[in-house]
Amino acid sequence: MFRAAKRVLTALAVIAIILLAYQFFFARPVEITKGEEYHTHADFAVFLNGQKLNFSKKEFMSKETCGKPGEEHKIDLNTEEGMAEAAHLHDLNGNVVHFHHENATLAMFFGNIGFSLSKDCLETKENKYCNTDFKKLKVFANGLQVINIENYVPKDLDKLLVTYGEESASEVRAQNEQITSQACIYSKKCPIPSGFVLPPEACT
Ligand SMILES: [Zn+2]
Ligand SMILES: [Zn+2]
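In short: position in the sequence shown from 1, add 662, done, that's my numbering.
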């Protein structure tokens, strides 16, 4: 009787060790990789002299190359390729910027779509919009003016407004209200509204 109980206990101990080993060697590394992935989204809009730009065009979309599934993919912000991977648009949606690196700046995103954002100028593919005595370049995050335009690192679900011109504070507020609320859908922090198709993301 005593021996039988001992055998059962030994068997249980062996099973427990196998389960722990499985957890340690197989289950854990997957979790670690997942936790390290950085993937946030921000709604944005650009107004130039009161005109909203349309970024829902193929020319603005990401042509990024992704790492192999399950393989850890490090983004190096010191390379042009790394910067392109860190902040971009997907799926012909010109309202939501995808960020894949915690240090990716808003200026980096504009660089990736062929624009250039500095503290005094926004340069598009066609024109340069710089501060004058009357017309000013301003950036707002969630309705608050960003002072350090060049170094601003957007946070998940930010609403970003880049505006150039001589608009009043109330006009800026009206522009701000035109920013979409789609980042939370992509970040899976709000329900998918009916009629909205959430595309599977190539680099998740
Ligand atoms: Zn995304
Ligand atoms: Zn992406």
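Backbone N, C-alpha and C define an ideal beta-carbon position, used for all residues, glycine too.
DSSP places Ser-830 in the coil class of the three-state scheme, outside both helix and strand. Distance between Val-759 and Gly-827, taken at the CA atoms: about 23 Å. With a threshold of 8 Å, the Cβ atom of Glu-839 does not count as near ligand 2, since no heavy atom of the ligand is closer than that.
For the pair Leu-822 and Phe-717, the CB atoms are not nearer than the 9 Å cut-off.
Going by DSSP, Leu-784 is part of no alpha helix (DSSP H) but of the beta strand (DSSP E) stretching over 783-785. Contact between Ile-737 and His-701 does not hold, since their C-beta atoms are separated by about 11 Å, which reaches or exceeds 8 Å.
Cys-783 and Leu-799 do touch by the CB rule: their CB atoms are close to 6 Å apart, below 8 Å. When DSSP reads this structure, Tyr-791 sits in a beta bridge with Leu-784. Per DSSP, Phe-771 lies in no beta strand (DSSP E) segment; the continuous alpha helix (DSSP H) that holds it begins and ends at 768-774.
Inter-residue distance for Lys-720 and Phe-777 is about 15 Å (C-alpha atoms, whole angstroms). Taken through DSSP and simplified to helix, strand or coil, Gln-840 comes out as coil. Each of His-701, His-703, His-752, His-760, Tyr-848, Glu-863 has a C-beta closer than 7 Å to some heavy atom of ligand 1; these make up the full list, in chain order. In this structure, His-750 has its CB closer than 8 Å to one or more heavy atoms of ligand 2.
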